[in-house]
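Q: Residue numbers (the numbering used here), protein chains in the order written: chain V, 1 to 368; chain Z, 1001 to 1368.
What follows is a structure written as C-alpha cells; I'll ask about it next.
There are 2 protein chains.
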Amino acid sequence: MNNVFAHRRRQLQARLAEEKLDRLLITHPADWYYLTGFTGDSGALVISREAGKGAALVTDGRFVAQAGNETNGVKIVQQGGALYPAVGKFLAAGRGRRVGFDSGQLTVAQHSELLHATGKRVAWHRASGLVAGMRMRKEPVELAAMRRAALLAGEVMEAAARMLKPGIREFEVAAEIEYQMKQRGASGAAFETIVAFGERSALPHALATGKRLRKNALVVLDLGAILAHYCSDITRTYFVGRASSRVRGWYRAVLEAQTAAIAAVKSGASCGEVDAAARNVLAGHRLDGYGLDRYFVHSTGHGLGLEVHEDPRVARGQRKVLEPGNVITIEPGVYFPGVGGIRIEDDVAVHENRTEVLTRVSRDFTEI
Amino acid sequence: MNNVFAHRRRQLQARLAEEKLDRLLITHPADWYYLTGFTGDSGALVISREAGKGAALVTDGRFVAQAGNETNGVKIVQQGGALYPAVGKFLAAGRGRRVGFDSGQLTVAQHSELLHATGKRVAWHRASGLVAGMRMRKEPVELAAMRRAALLAGEVMEAAARMLKPGIREFEVAAEIEYQMKQRGASGAAFETIVAFGERSALPHALATGKRLRKNALVVLDLGAILAHYCSDITRTYFVGRASSRVRGWYRAVLEAQTAAIAAVKSGASCGEVDAAARNVLAGHRLDGYGLDRYFVHSTGHGLGLEVHEDPRVARGQRKVLEPGNVITIEPGVYFPGVGGIRIEDDVAVHENRTEVLTRVSRDFTEI
Chain V
1 MNNVFAHRRR
11 QLQARLAEEK
21 LDRLLITHPA
31 DWYYLTGFTG
41 DSGALVISRE
51 AGKGAALVTD
61 GRFVAQAGNE
71 TNGVKIVQQG
81 GALYPAVGKF
91 LAAGRGRRVG
101 FDSGQLTVAQ
111 HSELLHATGK
121 RVAWHRASGL
131 VAGMRMRKEP
141 VELAAMRRAA
151 LLAGEVMEAA
161 ARMLKPGIRE
171 FEVAAEIEYQ
181 MKQRGASGAA
191 FETIVAFGER
201 SALPHALATG
211 KRLRKNALVV
221 LDLGAILAHY
231 CSDITRTYFV
241 GRASSRVRGW
251 YRAVLEAQTA
261 AIAAVKSGAS
271 CGEVDAAARN
281 VLAGHRLDGY
291 GLDRYFVHST
301 GHGLGLEVHE
311 DPRVARGQRK
321 VLEPGNVITI
331 EPGVYFPGVG
341 GIRIEDDVAV
351 HENRTEVLTR
361 VSRDFTEI
Chain Z
1001 MNNVFAHRRR
1011 QLQARLAEEK
1021 LDRLLITHPA
1031 DWYYLTGFTG
1041 DSGALVISRE
1051 AGKGAALVTD
1061 GRFVAQAGNE
1071 TNGVKIVQQG
1081 GALYPAVGKF
1091 LAAGRGRRVG
1101 FDSGQLTVAQ
1111 HSELLHATGK
1121 RVAWHRASGL
1131 VAGMRMRKEP
1141 VELAAMRRAA
1151 LLAGEVMEAA
1161 ARMLKPGIRE
1171 FEVAAEIEYQ
1181 MKQRGASGAA
1191 FETIVAFGER
1201 SALPHALATG
1211 KRLRKNALVV
1221 LDLGAILAHY
1231 CSDITRTYFV
1241 GRASSRVRGW
1251 YRAVLEAQTA
1261 AIAAVKSGAS
1271 CGEVDAAARN
1281 VLAGHRLDGY
1291 GLDRYFVHST
1301 GHGLGLEVHE
1311 DPRVARGQRK
1321 VLEPGNVITI
1331 EPGVYFPGVG
1341 GIRIEDDVAV
1351 HENRTEVLTR
1361 VSRDFTEI
C-alpha cells in the first residue's frame, strides 16, 4: 500500500506544479489518509512540489508513534502547543512561499492562526478540491474495496429485513445492523443507521427511536459500512403487512425513477442530467394534481469513497461531468408528512463503457 | 424540554445585547441542538436579539418536516439551493446589521459565500464561543443525563472486561462494546471504540484491529456512549495474565496521577493546575533516568457534554478556571512504544463545594 500512497503524492506534486504552488496544506483527515495512510484524526499534512522534499505531517503526541507506523516517506513533526500555530511555524521555517490551502477544510479561526504564525513568509492561495478531485477518480484497488463494502452492506440489509417483525423497536434493528456489520469485518457504520417505521419513514433522516413496528407499515432502512476504509450506502423500503395499491404505486414510481437515473449514469453525462432523470420520472406520476417530484425533497445522490459524502454531488443543475472511476449513490425518494416515505438507494461505479451497480440486493417491492 | 430550549435562547439573547450584536449565526449542530432541539446535521440557526423575533432555522428539504416536529417557537426556512448562499440571503433580507459568527465553526469558503450573499447589508463580527460558554455550565437536567450516560459506559466496561480471554480479537471486543451500549439504550458510541492489546496499547488512539489477545498482555479499553444526546468517556487498562512488577509500578503511577488530578478539580482551580497535578506525579516516578511524565504524550482531559470533546481543555498552561456545572475527563496515561501503555479515565463534574466522579468502575489493578 505504501507504493499507492507515494504514487498519489507524486500525482499531487505534478498538480502543484500546474497550479504554480510550492506547497499544499492538507487539513482534512480523509485527504491525508489518501495521501499517506495516516488514520489519526488530528494533524496537518504539507506536500512540497519538490520531489526530494516529499511530505511532512504535523501532529500531536497522541499520534506520533502511530503516524510513524502507518506512513512511509513522510516526515513526522510533533507539535509543541496548539496545532495551527505549530503548522504555521513549520511552514514559515520551510522553503516555498506560495502555499495552497482548501478553503472548505479550514475554519476562519484556523486560517487566522496560520496567517498570524506565517506572516509574510507565506503567500496563501486558495486551492480547493485538488485532493478531492483525485479522490473522485477511484483506482482499481479502491473500486475493489468499495465492491466488498457494498456487498457487505447488502448482506446486512438482507439480515435486517429478516428481523422485521411486529413489536420490534427501531433501535433494536439499528443495533443489530451495526453489530452485523462489525461481525462481517467492517470497522464501523459509515453513518448513523436510519431505521424508520410507519409515518416516521416520511422523515428522510429518521434516526432510530424506541418506536415499535406495527402491522401494515412502511419500513425504511438506510445503512452503510466502512470496510478497509471505504464506505458503502444502501437504502431499501419494505412493507410489513399488505400494502395498499396507493403505496404500491408510490414504490413503483420511485423504483422507476431510480432505474432511470442509474441508466443515465455514464461517462460523459453530467450529474445534473442524472438528477433530472429521476426527477422527470417522478413528475410523470401524479398525486392530487401534483407530480410526485414535489415530494422528492433531496438530491438524487452523492459521491462515495473514503467518506460517505464526497464529490461529486448528484443534484439539480450540477454540471460536473461523470468520468471513469466515479462512484455515486442513486437514491430518489418520496415523502408524505404524517403518512410515510419510500427511498431506494444503490451505489454505482462509472466505467469507460459501462455502469456497475455495486450494491446487490433485490429492489422488488417486498411485503414481509 | 421545549421550555429548556426557549430558556437557553433567552439567555443567549441577553448575551447578544451585552456583545452589542443584533443577530448571531449558529453553524454547529451541537450548538443548534442545545438551543432548539433540532437534531438534523445540516442547517444554520439565526438568533435575533429582539425577543419577539426569536429564532429561525435555515435547512434543506430533507430536514424541514423533522425540524418542525423537533422545535418549538423556531421559524423553519427551507433553503432553495446551497446552504450558505441561502443563509446569506435570509440574513440580508432581515433586520439587524451587526451579525456575529463563530470563526471556529465556519470554513473560509462558507464565510466567503456569506460575505458575497449579504454584501453591505450585514456587518460581520467574530463572536466565538458564546454558545460553547453556555454549554460548559451544565444545567441540572444535563448533569442528570450525563450521570446516566456515565453509568451506562461503566456497565459496558465491566461487560467488556469479562470478554477478555486469550484468542479474542480486538474488533470482536469493540463490536460487543457498541452492541452492549445500544442494548442499554444508547443511541450509539460517542467515538470509535479503542481496543488495544499488548504493544498496541502504546498507541493512545489505537482503533480495533484483527489482532488476537495473547496471554500476559496489557489491554486498554476506551469507550463512550451517547445516551439522550449526552456523551460519556471512560478508559480502563487491564492485564490478562500475571503482570511484572514493572507494569504494576507503571499502573500505580498512572492511578496516583489520576487521583491527584481528580483531587485538584474544584471550582476556582484552573485547568492548567489540574493538568499539572497529573504531570507532577508522573514526573516523580523515574524510568531509565527520566520522569514518567516524558511518556505522558497528551493532555490530561477535555470537556464533555453534547460532544465528546468540548470546552474546557484540560491541558498544560490552560488558564480557564473551573466553575460549577463543568464536566471534564481526567485521563492521564503513559506509553512506551513497542512495549505497551496504560491509561485510566473518568468523567468528573464540578459542583460548588465538591467534585462528583460520574463514572463508577473499579480502578484497582486487575489481572484477568
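From the three backbone atoms N, C-alpha and C, an ideal C-beta is built for every residue, glycine too.
Could you work out which residues of chain Z lie near Ala109(V), taking near to mean beta carbons separated by less than 9 Å?
A: Per Cβ cutoff of 9 Å: Asp1102, Ser1103, Gly1104, Gln1105, Leu1106, Arg1126, Ser1128.
Q: Please tell me whether Gly68(V) and Ala6(V) are closer than 8 Å, where the distance is taken between their beta carbons.
A: No; because the gap between Cβ atoms is not below 8 Å, this pair is not in contact.
Q: For a cutoff of 8 Å on Cβ pairs, would you count Pro85(V) as touching chain Z?
A: For Pro85(V), the answer is no, since every Cβ of chain Z falls outside 8 Å of its Cβ.
Q: Note the first and the last residue of the continuous beta strand (DSSP E) segment covering Ile1076(Z).
A: Segment 1074 to 1078, the beta strand (DSSP E) holding Ile1076(Z).
Q: Between which two residues does the beta strand (DSSP E) harbouring Val1334(Z) extend?
A: First-last of the beta strand (DSSP E) with Val1334(Z): 1333 to 1336.
Q: Which residues of chain V have a Cβ atom closer than 8 Å to the Cβ of Ala1276(Z), listed in chain order?
A: Those do not exist, as Ala1276(Z) stays about 15 Å from chain V at its closest Cβ, beyond 8 Å.
Q: When the cut-off is 8 Å and only beta carbons count, does Glu66(V) lie next to chain Z?
A: Residue 66(V) is actually Gln in this sequence, not Glu. It does; some Cβ of chain Z falls within 8 Å.
Q: What do you reckon, are the CB atoms on Gly1198(Z) and Arg1169(Z) nearer than 8 Å?
A: Cβ distance not < 8 Å, so Gly1198(Z) and Arg1169(Z) don't count as in contact.
Q: Would Arg49(V) pass as a contact of Asp22(V) if the rule is Cβ separation under 8 Å?
A: Contact flag set, yes.
Q: Which of the three DSSP states is assigned to Leu1024(Z) in this structure?
A: Leu1024(Z) falls in the strand class under three-state DSSP.
Q: Using a beta-carbon distance below 8 Å, is Gln183(V) in contact with chain Z?
A: Yes, Gln183(V) counts as interfacial toward chain Z.
Q: Could you work out which residues of chain V lie near Gly1040(Z), taking near to mean beta carbons separated by less than 7 Å?
A: In chain order: His205.
Q: Using 8 Å as the limit for Cβ to Cβ distance, is Val978(Z) near chain V?
A: An answer regarding residue 978(Z) cannot be provided, because it is not within the stretch 1001 to 1368 covered by chain Z.
Q: Considering only the beta carbon of each residue, do Glu1331(Z) and Thr1300(Z) sit closer than 8 Å?
A: It is a contact, given that the beta carbons lie within the stated cut-off.
Q: Whose Cβ in chain V lies nearer than 8 Å to the Cβ of Ser1112(Z)?
A: The answer, in chain order, is Ser103.
Q: Terminal residues of the continuous beta strand (DSSP E) containing Phe239(V)?
A: Here the beta strand (DSSP E) through Phe239(V) covers 234 to 240.
Q: On the criterion of 16 or more Cβ atoms from any shown chain inside 10 Å, does Glu352(V) qualify as buried, or is it exposed?
A: By the 10 Å Cβ count, Glu352(V) comes out exposed.
Q: Can you list, in chain order, the stretches of the beta strand (DSSP E) that have 3 or more residues and sit fully within the stretch 155 to 226 of chain V?
A: Segments of the beta strand (DSSP E) lying fully in the stretch 155 to 226 of chain V: 194 to 197, 217 to 223.
Q: Only counting the same chain, and skipping five residues up and downstream in sequence, which positions put a Cβ closer than 6 Å to that of Val87(V)?
A: Excluding residues within five positions, the ones whose Cβ falls inside 6 Å are Ala44, Val58.
Q: Please confirm whether Ala1261(Z) and Val1334(Z) have their CB atoms less than 8 Å apart.
A: No, they are not a contact pair.
Q: For Glu142(V), which three-state DSSP category applies?
A: In this structure, Glu142(V) counts as helix in the three-state DSSP scheme.
Q: Can you look up Arg294(V) in the DSSP assignment and give me helix, strand or coil?
A: Three-state DSSP puts Arg294(V) in a helix.
Q: Please state the DSSP three-state secondary structure of His1007(Z).
A: DSSP places His1007(Z) in helix when its eight states are reduced to three.
Q: The stretch 1218 to 1246 of chain Z: which residues have C-beta closer than 8 Å to a C-beta of chain V, in chain order?
A: Hits within the stretch: zero.
Q: For Asn1326(Z), count neighbouring C-beta atoms within 10 Å of its own C-beta (all shown protein chains included) and say buried if the count is 16 or more, exposed if not.
A: Counting Cβ neighbours within 10 Å, Asn1326(Z) comes out buried, since at least 16 surround it.
Q: Compare the C-beta of Tyr1290(Z) against all C-beta atoms of chain V and say whether one is closer than 8 Å.
A: Answer no: the Cβ-Cβ gap between Tyr1290(Z) and chain V never drops below 8 Å.
Q: Is the stretch 122 to 134 of chain V in contact with the stretch 24 to 43 of chain V, if contact means three or more CB pairs nearer than 8 Å?
A: Yes: at least three Cβ pairs fall under 8 Å.
Q: Name the two residues that bound the continuous alpha helix (DSSP H) containing Phe63(V).
A: Premise fails: Phe63(V) is in no alpha helix (DSSP H) and is neither H nor E.
Q: Using a C-beta to C-beta distance shorter than 7 Å, which residues of chain V count as neighbours of Val1074(Z)?
A: Correct list: empty, because the minimum Cβ distance to chain V is about 17 Å.
Q: I need the DSSP call for Phe101(V), collapsed to helix, strand or coil.
A: In the structure shown, Phe101(V) sits in a strand (DSSP, three-state: E or B).
Q: Any contact of the stretch 1213 to 1233 of chain Z with the stretch 1181 to 1200 of chain Z, i.e. 3+ C-beta pairs under 8 Å?
A: Yes, they touch.
Q: Between the beta-carbon of Arg1236(Z) and the beta-carbon of Val1361(Z), is there less than 8 Å?
A: Taking 8 Å as the Cβ cut-off, Arg1236(Z) and Val1361(Z) qualify as a contacting pair.
Q: Taking 8 Å as the threshold, find out whether the stretch 106 to 119 of chain V comes into contact with the stretch 1097 to 1107 of chain Z through three or more Cβ pairs.
A: Enough Cβ pairs lie closer than 8 Å, so yes.
Q: Report back the beta-carbon spacing between Pro1085(Z) and Ala1056(Z) to the nearest angstrom; my notes put them in contact at under 8 Å.
A: Between Ala1056(Z) and Pro1085(Z) the Cβ distance is about 16 Å, and since that is not below 8 Å, they are no contact.
Q: Could you spell out where the beta strand (DSSP E) holding Leu45(V) opens and where it closes?
A: That run of the beta strand (DSSP E) goes 44 to 48.
Q: Compare the C-alpha of Ser1042(Z) against each of Tyr1034(Z), Gly1054(Z), Gly1061(Z) and name the closest.
A: Among Tyr1034(Z), Gly1054(Z), Gly1061(Z), the Cα nearest to that of Ser1042(Z) belongs to Gly1061(Z).
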